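Trainee: Listed in order, the protein sequences are those of chains H and V.
In short: position in the first sequence from 1, add 179, done, that's the working numbering.
In short: position in the second sequence from 1, add 34, done, that's the working numbering.
Where is the CB? At the ideal position from N, CA and C, for every residue including glycine.
Predicted model, so just to flag it, every value in this text is computed and none were measured.
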Amino acid sequence: MIPFGTQKAPSPFVVLPYYITAAILFLVLTLLMLFSATSFTGHYFQPHILAITHLATLGWGTMIIFGASYQLLPVVMEVHLYSEKLAKWCYGLLLPGIILLVVTFWNFKPGLLMEAGAVLILSSITLYVINVYCTARQNKKWTISAECMVTSSWWLLLTAVLGTLLVFNLRYAFFPNDHLYYLKIHAHLGMAGWFLLLIMGVASRLMPMFLLSHHEPGINVKISYYCINIALLGFLVMAFLFHTEKYWPVFALLVLIAVISYFLFIKKVYRIAMRKKKMDMPMRVSLSAIGLMILPFILLTILAFLSDNHALIIPLSLAYGISIIGGFLTAIIIGQTFKTLPFIVWMHRYKKLIGKIKTPLPKELYKEQWITYQFYFYLIGIFLTIVGVVLQLLPFIIAGSIGLVLMAICYNINVFLVLTHKVKEVSENAGHKHQHKGSIRISESGSR
Amino acid sequence: MPDTNINIKDPYAFLKAEVGELLHQVYDPEVGLDIMTMGLVYDIKYEEDTNTILIIMTLTSRGCPMGPMITQNASEVLQSNFPDKDIHIHLVWEPAWNMDMISDEGKAQLGF
Numbered sequence: 180m181i182p183f184g185t186q187k188a189p190s191p192f193v194v195l196p197y198y199i200t201a202a203i204l205f206l207v208l209t210l211l212m213l214f215s216a217t218s219f220t221g222h223y224f225q226p227h228i229l230a231i232t233h234l235a236t237l238g239w240g241t242m243i244i245f246g247a248s249y250q251l252l253p254v255v256m257e258v259h260l261y262s263e264k265l266a267k268w269c270y271g272l273l274l275p276g277i278i279l280l281v282v283t284f285w286n287f288k289p290g291l292l293m294e295a296g297a298v299l300i301l302s303s304i305t306l307y308v309i310n311v312y313c314t315a316r317q318n319k320k321w322t323i324s325a326e327c328m329v330t331s332s333w334w335l336l337l338t339a340v341l342g343t344l345l346v347f348n349l350r351y352a353f354f355p356n357d358h359l360y361y362l363k364i365h366a367h368l369g370m371a372g373w374f375l376l377l378i379m380g381v382a383s384r385l386m387p388m389f390l391l392s393h394h395e396p397g398i399n400v401k402i403s404y405y406c407i408n409i410a411l412l413g414f415l416v417m418a419f420l421f422h423t424e425k426y427w428p429v430f431a432l433l434v435l436i437a438v439i440s441y442f443l444f445i446k447k448v449y450r451i452a453m454r455k456k457k458m459d460m461p462m463r464v465s466l467s468a469i470g471l472m473i474l475p476f477i478l479l480t481i482l483a484f485l486s487d488n489h490a491l492i493i494p495l496s497l498a499y500g501i502s503i504i505g506g507f508l509t510a511i512i513i514g515q516t517f518k519t520l521p522f523i524v525w526m527h528r529y530k531k532l533i534g535k536i537k538t539p540l541p542k543e544l545y546k547e548q549w550i551t552y553q554f555y556f557y558l559i560g561i562f563l564t565i566v567g568v569v570l571q572l573l574p575f576i577i578a579g580s581i582g583l584v585l586m587a588i589c590y591n592i593n594v595f596l597v598l599t600h601k602v603k604e605v606s607e608n609a610g611h612k613h614q615h616k617g618s619i620r621i622s623e624s625g626s627r
Numbered sequence: 035m036p037d038t039n040i041n042i043k044d045p046y047a048f049l050k051a052e053v054g055e056l057l058h059q060v061y062d063p064e065v066g067l068d069i070m071t072m073g074l075v076y077d078i079k080y081e082e083d084t085n086t087i088l089i090i091m092t093l094t095s096r097g098c099p100m101g102p103m104i105t106q107n108a109s110e111v112l113q114s115n116f117p118d119k120d121i122h123i124h125l126v127w128e129p130a131w132n133m134d135m136i137s138d139e140g141k142a143q144l145g146f
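1) Taking the alpha-carbon positions, what's the G617/H to K601/H distance?
2) Within the 8 Å Cβ cut-off, does N107/V reach chain H?
3) So within the region 216-276 of chain H, which uninterrupted alpha helix (DSSP H) runs reach at least 4 residues, ignoring any that extend past its ends?
4) Can you tell me whether S190/H sits near the ligand NAD, meaning its C-beta is under 7 Å from at least one heavy atom of the ligand?
5) Taking Y80/V as part of the beta strand (DSSP E), name the residues at either end of that continuous run.
6) Give me the DSSP bridge partner(s) of D68/V.
7) Under 8 Å Cβ-Cβ, which residues of chain H neighbour T94/V?
8) Note down, in chain order, all residues in the region 114-139 of chain V with a beta-carbon under 9 Å from any beta-carbon belonging to chain H.
9) What first and last residue would you give for the beta strand (DSSP E) that runs through L349/H?
10) Can you find at least 3 beta carbon pairs, one from the region 500-519 of chain H and one from the region 453-470 of chain H, that sit closer than 8 Å?
11) Among residues of its own chain, excluding the 5 on either side of S324/H, which ones have a beta-carbon nearer than 8 Å to its beta-carbon?
12) Have a look at L583/H, S248/H, A297/H and flag the residue whose alpha-carbon is nearest the alpha-carbon of V308/H.
13) What are the residues that DSSP puts in a beta bridge with E623/H?
14) Helix, strand or coil for T86/V per DSSP?
15) List the residues of chain H that V65/V touches, going by C-beta distances under 8 Å, in chain order.
16) Run down chain V in chain order and give the residues with a C-beta less than 7 Å from the C-beta of S618/H.
17) Using only the alpha-carbon positions, how far apart do P196/H and A483/H sit?
18) Below 9 Å on C-beta distance, what does M70/V contact in chain H?
19) Using a C-beta cutoff of 8 Å, does M417/H count as contacting chain V?
20) Just how far apart, CA to CA, sit I565/H and F476/H?
21) Please check the pair I561/H and G506/H, which I expect to be a contact at CB under 8 Å, by giving their CB distance rounded to whole angstroms.
22) Touch check for the region 467-475 of chain H and the region 524-535 of chain H: three-plus C-beta pairs under 8 Å?
23) Which term fits T217/H, buried or exposed, when burial requires 16 or more other beta carbons within 10 angstroms of its beta carbon?
24) Please report the straight-line C-alpha distance between L540/H and M212/H, rounded to a whole angstrom.
25) Between the C-alpha atoms of Y441/H and L433/H, what's the straight-line distance to the nearest angstrom?
26) Please report the distance separating the alpha-carbon of K119/V from that of N85/V.
27) As a quick exercise: from P191/H, V281/H, M388/H, pick the residue whose alpha carbon is nearest that of V65/V.
28) Excluding the five sequence neighbours on either side, which residues of its own chain have a C-beta within less than 7 Å of the C-beta of I501/H, listed in chain order?
29) Does the region 309-318 of chain H come into contact with the region 326-346 of chain H, if we say contact requires no fewer than three beta-carbon pairs (one atom in each stretch) closer than 8 Å?
30) Below 8 Å on C-beta distance, what does W525/H contact in chain V?
31) Please return the same chain residues whose Cβ sits closer than 6 Å to the Cβ of L273/H, not counting the five positions on each side in sequence.
32) Under 8 Å, do D68/V and H58/V count as touching if we go by C-beta distance?
33) Can you confirm whether P275/H, when its beta carbon is compared against all beta carbons of chain V, has any partner nearer than 8 Å?
34) Going by the CB atoms, is the gap between T343/H and A297/H shorter than 8 Å?
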């Protein structure tokens with residue numbers, strides 16, 4: 180018996196549907212952006228932007244992160260995933276929920292179908308939280324990475340609860356304040372509490388592992404963790420108990436401290452990393468994503484100095500949202516997909532053949548050149564889109580969206596190349612146990 | 035790291051050297067280097083009374099997702115070459131692996 184690692188990983192049939200769906204929805208998302216480019220020259224609270232935002236955050240970001248989390252929870256916590264069945268149900272509820280929500284947002288038809296979509300998504304997220312929580316309970320060695328994963332799931336649940344209430348609010352209007360006021364809270368809970376916290380936690384475990392760096396996530400990641408949580412709690416208290424936006428810059432500053440502290444952690448990891456000179460393309464993309472975390476703060480700082488009715492408030496706010504979802508979130512996903520997906524498929528295809536045939540390396544399951552193309556299309560696409568949105572230049576938005584579509588095509592080609600990988604050169608005895616007299620034993624202990 | 039010199043006073047020196055050579059076929063799939071070059075193998079022993087080849091080794095990090103693949107590969111390679119012997123792979127975490135354990139050849143391949 181092997182007492183560690185991937186023996187605890189769930190079946191690939193639990194994880195892969197999330198990756199496949201996210202890749203397809205990502206392409207759909209970029210196409211929708213291209214075909215509704217004019218929407219990006221107006222207010223962010225409009226049907227097409229709402230649909231695109233939710234397709235991006237739920238269909239792309241959350242979908243793939245759920246899949247990756249089910250794979251990585253056993254790695255981060257060194258325990259088995261609590262329930263594969265819950266993970267399958269989670270997918271079964273999430274996908275129809277997203278379709279219903281996005282379609283009804285696109286046509287802006289508040290009512291039963293939109294509400295059903297929101298409830299399905301909330302149910303799916305509840306199952307995810309239960310699975311994360313119950314998996315974490317088995318964990319005997321508590322780390323800050325695990326803490327980030329668990330806490331971020333609670334923030335996600337809160338985001339989904341508020342989101343569902345907002346959907347019902349469209350029909351029943353029970354919130355005391357303006358709908359947009361709660362929309363801002365909903366968006367920031369999701370972006371900082373769910374995406375930022377989770378990515379910081381998971382990356383603090385994976386970055387040192389992939390870069391062969393032995394800098395453990397310590398004080399810097401803890402500072403990031405507490406700053407984000409204090410900021411979000413303060414933000415919620417002020418928003419719901421005192422109904423004021425007055426202290427929001429303070430909370431933004433706390434999140435900025437969290438990001439700076441996280442940069443310092445990554446800098447230390449990188450400084451002693453053994454694989455920085457011959458770093459593969461997925462890791463280069465992932466590290467660029469960490470750098471992109473600063474972009475929303477630049478836009479936020481500009482926003483803070485503008486008067487409430489300044490003409491740039493709306494386009495800058497939209498660009499701010501794009502810089503988070505399309506910026507560091509998308510960059511880290513397109514990088515880390517090719518550090519996790521090839522491994523999952525490789526393990527599934529070759530685990531019975533290891534030691535019996537010469538196996539390829541997981542990185543040989545995809546074309547690294549396509550990741551280079553993908554990355555250049557991404558950088559051009561996101562830069563042009565943000566500039567176009569800020570300056571309200573439609574040709575820039577269209578050109579940027581074309582760049583993002585091309586990036587999504589490259590991404591999908593590589594994802595499906597990995598998924599359709601076939602085992603070659605299998606000898607006659609491969610996959611079958613040889614008749615040996617001797618036995619194999621694998622054990623583990625602290626020291627020699 | 036296991037002693038790469040052959041100790042002629044050790045009756046199993048040649049067996050251990052052969053095992054060491056075979057373990058050069060076992061790769062860390064993520065890094066692309068074999069486990070001997072990476073310095074993941076701390077000791078190779080032969081226990082005569084139980085007819086067991088014992089490999090004391092580590093991984094680059096605790097909970098390494100590639101861990102089971104690497105140990106499975108090592109045990110399969112050894113068993114197919116020594117079918118009449120028991121194979122025991124024992125993982126340890128002390129001393130923790132670090133880059134000084136990589137051979138010069140391995141460091142060159144990683145770009146150092």
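Mentor: Judging by the given coordinates:
1) When rounded, the distance between both Cα atoms is 32 Å.
2) With 8 Å as the cut-off, N107/V counts as an interface residue toward chain H.
3) 226-233, 242-256
4) The ligand NAD is not part of the structure shown, which contains no ligands of any sort.
5) 75-81 is the extent of the beta strand (DSSP E) around Y80/V.
6) Y61/V
7) M388, L391
8) S114, F116, P117, D118, K119, D120, I121, H122, I123, H124, L125, V126, W127, E128, P129, A130, W131, N132, M133, I136
9) Here L349/H belongs to no beta strand (DSSP E); instead the alpha helix (DSSP H) covers 323-351.
10) The region 500-519 of chain H is in contact with the region 453-470 of chain H.
11) Result list for S324/H: V255, G380, V381, S383, R384, P396, V400, in chain order.
12) S248/H
13) L125/V
14) strand
15) L391, R454
16) One finds D120 in chain V with Cβ atoms closer than 7 Å to the Cβ of S618/H, taken in chain order.
17) 41 Å
18) Those do not exist, as M70/V stays about 15 Å from chain H at its closest Cβ, beyond 9 Å.
19) no
20) 14 Å
21) That pair is a contact at about 6 Å.
22) no
23) exposed
24) 36 Å
25) 12 Å
26) 6 Å
27) M388/H
28) T564, I565, V568
29) yes
30) P63
31) S303
32) yes
33) Judged by the 8 Å Cβ criterion, P275/H is not in contact with chain V.
34) yes
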